[in-house]
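Take a look at the structure set out below.
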Amino acid sequence: MPKNSKVTQREHSSEHVTESVADLLAHEEPVDYKRSVLNVTGETWDKQKDGEEELDAENRPAWNSKLQYILAQIGYSVGLGNVWRFPYLCQKNGGGAYLVPYLVLLIIIGLPLFFLELAVGQRIRRGSIGVWNYICPRLGGIGYASCLVCFFVGLYYNVIIGWSIFYFFKSFQYPLPWSECPIVKNGSVAVVETECERSSATTYFWYRETLDISDSISESGGLNWKMTLCLLVAWSLVGLAMIKGIQSSGKVMYFSSLFPYVVLVCFLVRGLLLRGAVDGIMHMFTPKLDKMLDPQVWREAATQVFFALGLGFGGVIAFSSYNKQDNNCHFDATLVSFINFFTSVLATLVVFAVLGFKANIMNEKCVVENAEKILGYLNTNVLSHDLIPPHVNFSHLTAKDYNEMYRVIMTVKEAHFKELGLDACLLEDELNKSVQGTGLAFIAFTEAMTHFPASPFWSVMFFLMLINLGLGSMIGTMSGITTPIIDTFKVRKEVFTVGCCIFAFVVGLIFVQRSGNYFVTMFDDYSATLPLTVVVILENIAVAWIYGTKKFMQELTEMLGFRPYQFYYYTWKYVSPICMAVLMTASIIQLGVSPPGYSAWIREEAAEKFLFYPTWAMAILISLIILASLPLPLVFILRQFHLVSDGSNALSVTYKKGRMMKDISNLEDNDETRFILSKVPSETPSPMPTHRSYLGPGSNSPMEMSSAPNGRYGSGYLLASTPESEL
Numbered sequence: 002m003p004k005n006s007k008v009t010q011r012e013h014s015s016e017h018v019t020e021s022v023a024d025l026l027a028h029e030e031p032v033d034y035k036r037s038v039l040n041v042t043g044e045t046w047d048k049q050k051d052g053e054e055e056l057d058a059e060n061r062p063a064w065n066s067k068l069q070y071i072l073a074q075i076g077y078s079v080g081l082g083n084v085w086r087f088p089y090l091c092q093k094n095g096g097g098a099y100l101v102p103y104l105v106l107l108i109i110i111g112l113p114l115f116f117l118e119l120a121v122g123q124r125i126r127r128g129s130i131g132v133w134n135y136i137c138p139r140l141g142g143i144g145y146a147s148c149l150v151c152f153f154v155g156l157y158y159n160v161i162i163g164w165s166i167f168y169f170f171k172s173f174q175y176p177l178p179w180s181e182c183p184i185v186k187n188g189s190v191a192v193v194e195t196e197c198e199r200s201s202a203t204t205y206f207w208y209r210e211t212l213d214i215s216d217s218i219s220e221s222g223g224l225n226w227k228m229t230l231c232l233l234v235a236w237s238l239v240g241l242a243m244i245k246g247i248q249s250s251g252k253v254m255y256f257s258s259l260f261p262y263v264v265l266v267c268f269l270v271r272g273l274l275l276r277g278a279v280d281g282i283m284h285m286f287t288p289k290l291d292k293m294l295d296p297q298v299w300r301e302a303a304t305q306v307f308f309a310l311g312l313g314f315g316g317v318i319a320f321s322s323y324n325k326q327d328n329n330c331h332f333d334a335t336l337v338s339f340i341n342f343f344t345s346v347l348a349t350l351v352v353f354a355v356l357g358f359k360a361n362i363m364n365e366k367c368v369v370e371n372a373e374k375i376l377g378y379l380n381t382n383v384l385s386h387d388l389i390p391p392h393v394n395f396s397h398l399t400a401k402d403y404n405e406m407y408r409v410i411m412t413v414k415e416a417h418f419k420e421l422g423l424d425a426c427l428l429e430d431e432l433n434k435s436v437q438g439t440g441l442a443f444i445a446f447t448e449a450m451t452h453f454p455a456s457p458f459w460s461v462m463f464f465l466m467l468i469n470l471g472l473g474s475m476i477g478t479m480s481g482i483t484t485p486i487i488d489t490f491k492v493r494k495e496v497f498t499v500g501c502c503i504f505a506f507v508v509g510l511i512f513v514q515r516s517g518n519y520f521v522t523m524f525d526d527y528s529a530t531l532p533l534t535v536v537v538i539l540e541n542i543a544v545a546w547i548y549g550t551k552k553f554m555q556e557l558t559e560m561l562g563f564r565p566y567q568f569y570y571y572t573w574k575y576v577s578p579i580c581m582a583v584l585m586t587a588s589i590i591q592l593g594v595s596p597p598g599y600s601a602w603i604r605e606e607a608a609e610k611f612l613f614y615p616t617w618a619m620a621i622l623i624s625l626i627i628l629a630s631l632p633l634p635l636v637f638i639l640r641q642f643h644l645v646s647d648g649s650n651a652l653s654v655t656y657k658k659g660r661m662m663k664d665i666s667n668l669e670d671n672d673e674t675r676f677i678l679s680k681v682p683s684e685t686p687s688p689m690p691t692h693r694s695y696l697g698p699g700s701n702s703p704m705e706m707s708s709a710p711n712g713r714y715g716s717g718y719l720l721a722s723t724p725e726s727e728l
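Heads up: the sequence shown is residues 2 to 728, going by my numbering.
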């Protein structure tokens, strides 16, 4: 043993030895065993290859700036759900009162779990597969399950971007093509299309011109070539944005993350200048406090928090893995979480300002139509002129005058009132017509925009915003697939990204059939909710209960330079797991109580109708849930019964700037002596990719653990049983 080594110095010193062998090894002068006589594995040293490995381990891609990273996280977490899901939930669940449970759950569930994912990604600097393989090998299936869920979500999410692309290009004409019903010739007579006349121009354009939808999921109807081309464009955009990793996607984020805010602010300013906008906003934020006591409201708020931040997908971990280790990820978590919340509120203001304007337009139309009915009844003496208040002027009839006239007629003609077929034309009824998802974006909002001055401009801006919101989320979702796969299996980034996009496009053709919208609904409802809930619960348990909350807090202290609040200790250890378990139970109950079905558009009736899924569709639905969850028990069983190596009790090394950093943190207690005396070595190199290991509570400096099978990034080595004199 070298004379200047710490171990030799301690042998000749009378000082009481209190340091463990692990501490001694951590401070021992580094030795490159691959190049030394201690290399007994028979592996020859390739200087060029070794240099490449050093460079690869050191030069992990990194964000160009903190701003680029923050915009990437915002672009990923702020998506289409903020625009068309949150406003609907807010209206449905008590208006302004809904913001209270949402904000509470954001603080006790969303923020801690978001911080947790940012921290583990930044610390270990690997994608979801590498992170959870390291923290708890038996729960390594978490990473694979996340990849599968990302794939399922990406399949249908990009279809929505394709729809937005179609509407975007259709917006470059005046008048907008969905502003009026088409005229068809029936012989020599021109008539309005029946399906359109019985519904509305925007509804007809969505279901017939865009989707050309079939009457049920069982009627495929063949491919819709227009939507197929739009889907191809959508996947091409995603592929181009992702092909160079964060070097390309990071630059895209400057536009895709910021542009939606420009559009939302423009729409808010324009919306507030419209007649009736204040009615919509007042209706939106009038609190219904009794709703706060409804458990269903809290369940839906928790689900929205969960999906709004992108928890469990792996995108958050992937993005944070490209950070420097001293980055303040606590600040990032807080900033992104609350930007997400305020974006949802901003989008809600915009949506209900515009819907308030639309409600006033529709209410005025209702008043005019019913006033004509009343005039007809007056002219045919069905109604007496004495029933009409003297101040009412039919040529300038206001909603207030009509409501007064309506109440008088209803009181006097109570027995035969229903036969008159008059509507109340209440603004409140129009505002209560809640819409969400595609119904909000492609029907309600598009109808409102037809009444805007310069409507094509606003339509172009709106759908360009949807494309950018979707693209930002898709980049994060695809990163949840590409980053862990590339980290783990060392495939070429460009080849894998292109291959993944082509494969996803081919599989995604199921969504551009005439029945494709029904498959989008199925995947949206069932492919992610339950598997992701299980994934996040296991993430929480792996860190808080298996790795250890105290140890994790100490790691954060060393990484951040300050100790996070005790609030996180209790939320990670107790509050979040309990809340997530309750949410999972409620989701299972909801799946059991709600009949699995979908809203089909029936052409003959020109209306939606709820239909149950057929048996074969139920089989697909169940398979989606099982397939997304399958890696969790599969990896656990394989590693529990040692059918595959989990890398435990393996000594691995990594090279860093010419120095070998040892990791002995996973040696058993009695392995320390064996290692020093070169007796019984650890048996196999770690199968895990290069990453920074978590430190124990007594460690003073970060150690790095590295190796792929056969020492891809480092050198897993065995020490022969030789006498100590031979060292």
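From the three backbone atoms N, C-alpha and C, an ideal C-beta is built for every residue, glycine too.
Asked                                                                                                                                                                         : Found
How would you call Leu68, buried or exposed, if buried means at least 16 neighbouring beta carbons within 10 angstroms?                                                       : exposed
Leaving out five residues before and five after Phe395 in sequence, what residues of the same chain have Cβ atoms less than 7 Å from its Cβ?                                  : Ala372, Leu376
So is Ile468 buried or exposed if we call it buried at 16+ other beta carbons inside 10 Å?                                                                                    : buried
Counting along the chain, where does the beta strand (DSSP E) carrying Lys610 start and finish?                                                                               : 608 to 613
Please confirm whether Val159 and Gly509 have their CB atoms less than 8 Å apart.                                                                                             : Note that residue 159 is Asn in the sequence shown here, rather than Val. In this structure, Gly509 lies closer than 8 Å to Asn159 by Cβ.
In angstroms, rounded to a whole number, what distance separates the CA positions of Met689 and Thr489?                                                                       : Any reading at Met689 must be qualified, since the residue scores a pLDDT of 39, below 50, and its modelled position is unreliable; the value itself is stated next. Computed Cα separation, rounded: 7 Å.
Out of Ala425, Arg276, Val346, Lys419, state which residue places its alpha-carbon closest to the alpha-carbon of Leu104.                                                     : Val346
Entirely within the stretch 508 to 569 and at least 4 residues each: give me those alpha helix (DSSP H) ranges in chain order.                                                : 517 to 527, 530 to 542, 550 to 561
Give me the Cα-Cα distance between Asn324 and Trp459, rounded to the nearest whole angstrom.                                                                                  : 38 Å
Does the distance from the C-beta atom of Tyr145 to that of Pro632 stay below 8 Å?                                                                                            : yes
Roughly how many whole angstroms lie between the Cα atoms of Ile589 and Leu531?                                                                                               : 7 Å
Cα-Cα, which of Arg124, Trp546, Tyr614 is closest to Asn329?                                                                                                                  : Arg124
Restricting to Cα atoms, I'd like to know which of Pro88, Val409, Val368, Thr534 is closest to Thr399.                                                                        : Val368
How many Å lie between Ser200 and Val192 at the Cα?                                                                                                                           : 15 Å
By alpha-carbon positions, which one of Asp280, Leu472, Ala202, Gly517 ends up nearest to Ala235?                                                                             : Leu472
On the premise that Ala455 lies in contact with Leu112, defined as a C-beta separation below 8 Å, what is that separation, rounded to the nearest angstrom?                   : That belief does not hold up - the Cβ atoms of Leu112 and Ala455 are roughly 41 Å apart, past 8 Å.
Alpha carbon to alpha carbon, how far is Met523 from Gly598?                                                                                                                  : 8 Å
Name the one or two DSSP bridge partners that Gly598 has.                                                                                                                     : Phe613
When DSSP builds the beta bridges, which residues end up paired with Lys186?                                                                                                  : Ala191
Excluding sequence positions up to five away, which residues of its chain have a Cβ less than 8 Å from the Cβ of Tyr255?                                                      : Gln69, Leu72
On the premise that Leu114 lies in contact with Val576, defined as a C-beta separation below 8 Å, what is that separation, rounded to the nearest angstrom?                   : In fact, because the Cβ distance is near 10 Å, the residues do not count as touching under 8 Å.
To which residues of the same chain is Ala202 closer than 7 Å at the C-beta, ignoring the five residues directly before and after it?                                         : Trp179, Ser180, Glu181, Cys182
Roughly how many whole angstroms lie between the Cα atoms of Asp57 and Trp573?                                                                                                : Since pLDDT at Asp57 reaches only 45, below the 50 mark, its modelled position is unreliable, and the value read off the structure follows with that caveat. Roughly 34 Å separates the two Cα atoms.
Does Lys419 pass the burial test, meaning 16 or more other C-beta atoms within 10 Å, or should it be called exposed?                                                          : exposed
On a CA-only basis, which of Leu533, Gly316, Lys93, Cys501 is nearest Asp295? Give me that one, please.                                                                       : Lys93
So for Ile603, helix, strand or coil by DSSP?                                                                                                                                 : strand
Give me the Cα-Cα distance between Leu427 and Lys414, rounded to the nearest whole angstrom.                                                                                  : 20 Å
Is there contact between the stretch 216 to 230 and the stretch 510 to 518, where contact requires at least three CB pairs shorter than 8 Å?                                  : yes
Could you tell me which of Gly80, Met560, Lys551 sits nearest to Leu310, measuring between CA atoms?                                                                          : Gly80
Identify every residue that forms a DSSP beta bridge with Leu224.                                                                                                             : Gln514
Assign Asn541 to buried or exposed, taking buried as 16 or more other Cβ atoms, counted over all protein chains shown, within 10 Å of its Cβ.                                 : buried
Assess contact between the stretch 404 to 412 and the stretch 373 to 393, defined as three or more Cβ pairs (one per stretch) separated by less than 8 Å. Is contact present? : yes
Between Glu448 and Asn364, what straight-line distance do the alpha-carbon atoms span, to the nearest angstrom?                                                               : 14 Å
Using 10 angstroms around the beta-carbon of Asp424, count the other beta-carbons present and answer buried if the total reaches 16, otherwise exposed.                       : exposed
So within the stretch 436 to 476, which uninterrupted alpha helix (DSSP H) runs reach at least 4 residues, ignoring any that extend past its ends?                            : 446 to 450
Nearest by alpha-carbon distance to Gly357: which of Phe343, Arg276, Lys245 is it?                                                                                            : Arg276
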